[in-house]
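Written below as structure tokens is the structure these notes are about.
Protein chains in written order, with this note's numbering: chain A, 1312 to 1536; chain B, 458 to 1213.
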């Protein structure tokens, strides 16, 4: 069953086209790897899927609802309540401790601090972060920061987790740890994952791969469209 | 959301803490200075109201002896002087228990009693009686309360007399009420047409407001620049944080709220610091005689609306500014993108500056308005326009300087600095803008005051004439026409008296024609004049000469060298003329001057409005306001330079923090620390020098125009002090830049590569 779908997405930055009519779909609970060379438009595709960018043309559908014409606030709510994110660098708020960073989406959603922190702490054990709750982002290694970001992405039990080069800044061992934890966690919760990567080892964790080239989805491998 | 905002504000690490502290300090300085200015205006109003009672019996407070149930009070206001300070003397005689009572005393003094202000009471106790106390009949019965005094140094005495005594005293009136407000128009005569002007005048509120407005502008503008600079510290980091928050679902409104909470927290802290500064500095500031004499600390007070406006207004303003600042940048969950890439500054930026200079020039051609309020409306917008014009023109001048540097650059440090300056001249100018404005303020203030001083009489205060005590005995034209001569024997006993000249009054109907003078001329004996140095001389062979009454009508610089016209007056006619004035030459000692003044006071049968005064005292009182302005200017210059130094430090440090990555990358690729230091120095020195030249030039131009139209005098170049201050300011600013070098070393170290 499709949870995310695009139809003829077009997106340009100034005179530079990034997407030229990209059409694709993601099934519920699926881990989809979006691959392609640098500058092919794979990150732009992810940003459009997640409601971060609004396409110039085309449509984005999420769970039967058109996403690209929602208001900025409504898309913010979607990101907060139903999506999770893990990017190449942690995008952690440096002023907050690790546990506060994980609890942040809950706090933004109106949760009180104590229950939000309690919920956040549950993820520290699962992701091998015990003892790091009070550390700031500057006091974490790259792999630890990515795992904190992963916890933050999963703390709201999102329907879709968007991961943009989640291991791009990590060594192979750290990258493998992060991906193992990510895959285990999403499979446990049935979370859909859109994983942008150009690393074949990372893509190997996916159920299916698509390749973006010159702003179009040129190759589909795996199962149904 | 608010607790989260507070948490982000309070626990954001060292950078955020430095930013918060700087913002609190900057807002605190601004608030403190604003409160001082407002309380200064309040103090002037309180001070004026406190002395309004002295105008009792004037034309605007007509006496009403017929008021039912109120026994009239005989009222006489006069002036006196001691060691250059004016003493206000009020003689009163109640006619019954219901007679009105002046403020500050429990009841009217009876004959033989007097109340004195605390400062005068102290002088009466500490000064030999023949120098002061014997001027006043009776004894001290109490002190006058603060509510009736302009300030702690006020010298006021209320002398009790009998109704019979005052009834015979000219210029006395009967009143049934004490004035509670200054007369709306200047009235120096009472309802009987006789002089009734206390020797204390109200401070011109509009003039003081103008001066305080200029002071506020001169100090608050650098403070606002400091606040703006501190606000931009670690802006890049804050904006990245806001992007991260948006990524995880924060709405724009939530981000705006977080930014507002941060700004309001700093503003609230700053307001608290500002009030702390105000109450800490109120007592020492009240002691500075900005208006010619110190205030009571309590006079520098704030009304409830003043306090509410500061407590509520400043944080709200900070929140609004934060909201507006966020509108300048487009923060998306992916990061920050400037909405518009700013183009290079255009030459139109010079227009406001030139318009300001032109506005000042207009009044040189057209002439200044006659009224003080008109002068304020004429000059204030021009000066304001020049100040704003400098800020607007700064980036263009910086870019011009940078392009010049880029063409000449031969070393990588100069090239990097020039390219960066040309790329973002606004940011580069911002760091030095406070200093540039301080240089402008210093140039204007010092050159205007130098010109003003050149007009004044101060240089003549050292001449022998300055020590001549002049007593216009019946100087106001009424009273007995023939007074007994002052006791020559009493004066002769005083050590330090060098000579006495009695000036005989020549009435218009006396049938005598005095050469070279108008109706107010007198005659002086050449024998007496020969003993009084500094008052000119007689032509050879003359026995009597025409002599000015009062002495102050002749410019003091011409007195010493004057040769008065010889007059031929028969001896019998001389004996029939009354004495109009006495001029006593002293050795300048306080003892001789005060003893002579006391004796001269005693020769008058009643208190007169104009006390015996040395010409030096007359000069000093004429210069008093200028001295006060000089002090105010010194405070403004030092304060604005200090604030500008803070702005420069914050600006340079903020610029370094924002560029630690590129700088650390340069070091990684082999750039030496010395090269980076050159970049940092050039980035500040180029805009500083480029705009400082224009600021100083404009300052001189504005001063010359102001001096020409308002002071009717050509600009006098400032002395060495100005060049010392200017050079010291620039050297200090270079030292401030050098103080960031350790930070440059630290933030460009290898550990910066760490990903946070």
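Beta carbons: idealized from backbone N, C-alpha and C, even for Gly.
Sequence-distant partners of residue 853 of chain B (beyond 5 residues in either direction) whose C-beta falls short of 8 Å from its own C-beta, in its chain, are 802, 803, 804, 806, 807 and 882. The closest CA to that of residue 716 of chain B, considering only B:462, B:726 and B:558, is found on B:462. Short of 6 Å from the beta carbon of residue 1018 of chain B, and not among the five residues preceding or following it, lies no beta carbon of its own chain.
Looking only at A:1485, A:1444, A:1434 and A:1498, the smallest Cα-Cα distance to residue 1461 of chain A is reached by A:1434. Distances from the alpha-carbon of residue 483 of chain B to those of B:1158, B:739, B:727 and B:1078 put B:727 closest.
A straight line joining the alpha-carbon of residue 738 of chain B with that of residue 507 of chain B spans about 23 Å. DSSP lists A:1330 as the beta-bridge partner residues of residue 1322 of chain A.
Per DSSP, residue 631 of chain B is one residue of the beta strand (DSSP E) stretching across 630-632. Between residue 1367 of chain A and residue 1322 of chain A a beta carbon distance of about 5 Å is seen, short of the 8 Å cut, so the two are scored as contacting. Minimum Cα-Cα distance from residue 530 of chain B among the listed residues B:583, B:620, B:490 and B:1121 corresponds to B:620.
A buried status is given to residue 1503 of chain A, since no fewer than 16 other beta-carbon atoms sit within 10 Å of its beta-carbon.
Rounded to the nearest angstrom, the gap between the Cα atoms of residue 1509 of chain A and residue 1115 of chain B is 31 Å.
In the DSSP assignment, residue 826 of chain B falls outside any beta strand (DSSP E), carrying neither H nor E. Using a Cβ-Cβ cut-off of 8 Å, residue 1324 of chain A does not count as an interface residue toward chain B, since no Cβ of chain B sits closer than that to its own. One Cα belongs to residue 583 of chain B, the other to residue 955 of chain B, and the distance between them is close to 26 Å. Cα atoms of residue 1520 of chain A and residue 1135 of chain B: separation of roughly 53 Å, rounded to the nearest angstrom. Annotation: residue 1325 of chain A to residue 1430 of chain A spans about 43 Å, alpha carbon to alpha carbon. Using beta-carbon distances, residue 1435 of chain A does not count as an interface residue toward chain B, since no partner is under 8 Å. For a Cβ distance threshold of 9 Å, residue set 1363, 1387 and 1390 of chain A lies close to residue 703 of chain B, ordered along the chain. By the criterion of at least three beta-carbon pairs nearer than 8 Å, the region 1091-1110 of chain B is not in contact with the region 1068-1082 of chain B.
Note: residue 1043 of chain B is bridge-paired with B:954 in the DSSP secondary-structure output.
Here residue 476 of chain B is buried. Its C-beta has 16 or more other C-beta atoms within 10 Å. Under the 8 Å criterion on CB atoms, residue 906 of chain B is classed as non-interfacial with respect to chain A. For residue 1516 of chain A, there is no enclosing beta strand (DSSP E), as DSSP marks it with neither H nor E.
Counting only residues of its own chain and dropping the five nearest sequence neighbours on each side, residue 624 of chain B has no CB closer than 6 Å to any other CB. Interface annotation, residue 1481 of chain A: not in contact with chain B, CB-CB separation never under 8 Å. Using a Cβ-Cβ cut-off of 7 Å, residue 708 of chain B is close to 1384 and 1387 of chain A, given in chain order. For residue 746 of chain B, there is no enclosing beta strand (DSSP E), as DSSP marks it with neither H nor E. For residue 1370 of chain A, the enclosing beta strand (DSSP E) has its first and last residue at 1368-1373. Note on geometry: alpha-carbon atoms of residue 1099 of chain B and residue 1186 of chain B lie some 9 Å from one another. Any Cβ of chain B closer than 8 Å to the Cβ of residue 1331 of chain A would place that residue at the interface, and such an atom is absent. Residue pairing by DSSP places residue 1395 of chain A opposite A:1472 in a beta bridge. Excluding five sequence positions before and after residue 870 of chain B, the CB atoms of its chain that fall closer than 6 Å to its own CB belong to 1132, 1135 and 1136, given in chain order.
In this structure, residue 500 of chain B lies away from residue 732 of chain B, with their beta-carbon atoms at least 8 Å apart.
Any Cβ of chain B closer than 8 Å to the Cβ of residue 1457 of chain A would place that residue at the interface, and such an atom is absent.
Judged by their CB atoms, residue 1160 of chain B and residue 901 of chain B are nearer to each other than the 8 Å cut-off.
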